[in-house]
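Structure record follows, encoded as structure tokens.
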Amino acid sequence: MAQLFLPLLAALVLAQAPAALADVLEGDSSGIYRCEVQHGIDDSSDAVEVKVKGVVFLYREGSARYAFSFSGAQEACARIGAHIATPEQLYAAYLGGYEQCDAGWLSDQTVRYPIQTPREACYGDMDGFPGVRNYGVVDPDDLYDVYCYAEDLNGELFLGDPPEKLTLEEAQAYCQERGAEIATTGQLYAAWDGGLDHCSPGWLADGSVRYPIVTPSQRCGGGLPGVKTLF
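For reference, each letter of the sequence shown is one residue, going -22 to -1, 1 to 209 in mature numbering (1 follows the signal peptide of the UniProt record, and there is no 0).
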């Protein structure tokens, strides 16, 4: 692992509020960090392992765009084994390269979306530069998509191999017969974030059909990695 050095301010933040610092670390920031603290002529240092995990993703139910009120957005993330993302988590995802031209609720009741390549209707910071577009605090009854955040898989996610295609009800029974349960969308995103790659669509608990692609190809998800959805 790469050994990095943090300035004094970052070292103090890490010591005092590791959760807050984790919110703004990028997804590829995991590693061994050496923190140095100087006070007058005295100094000390220590090494700490930082593991950055978790994934931010846009969620909508079915093909209905902009269907969630603020409370509905919170409930939707909870139903799929995730929680509504914070502005810091979305910004960290943006720094890691995430782009999504769809406005979604965040935990502070703002509506935002991250843009790497500004274009018509996907304006980034509105000055022609990349950024996280922010609508500000929005009426809680207005309707948007939602950005969810999933971190812990809490188990092993695997793709079943039934002899023939299944309906949603049959898929649920298939999992139960094997002492498991059908995965949630949040669990699939967490598994994808951990490296799961399968070019085979499968049912999820919310009735959606998705598949995780880490190494994209024209046959599997096109040119970009991600969790692909079939409505």
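The C-beta atom is built at its ideal place from N, Cα and C for all residues, glycine as well.
Restricting attention to alpha helix (DSSP H) runs no shorter than 4 residues, the region 9 to 92 encloses them at 48 to 57 and 65 to 73, ordered along the chain. Shown here, G106 sits in coil according to DSSP, grouped into three states, outside any helix or strand. DSSP, reduced to helix, strand and coil, places A149 within a helical segment of the structure shown. In the DSSP assignment, G164 falls within the unbroken alpha helix (DSSP H) covering T163 to D171.
Residue pairing by DSSP places K206 opposite Y189 in a beta bridge. If you check the CB distance, L68 and Y152 do not come in under 8 Å.
Cβ contact annotation for L135 (same chain, cutoff 6 Å, sequence separation greater than five): A161, Q165 and A169, in chain order. Cβ neighbours of G59 within its own chain (closer than 6 Å, five residues either side excluded): T162, G164 and Q165.
Rounded to the nearest angstrom, the Cβ distance from P194 to G200 is 6 Å, consistent with a contact under 8 Å.
Just so you know, the alpha carbons of L202 and I93 end up roughly 15 Å apart.
Boundaries of the beta strand (DSSP E) harbouring A128: D123 to A128, taken from the DSSP string. Contact between the region 137 to 151 and the region 98 to 107 is not established, with fewer than three Cβ pairs separated by less than 8 Å. Between Y127 and G32, the beta carbon gap of about 6 Å places them in contact (Cβ cut-off 8 Å). DSSP lists G199 as the bridge partner or partners of S195. D123 is positioned such that its CB atom lies no closer than 8 Å to that of A71.
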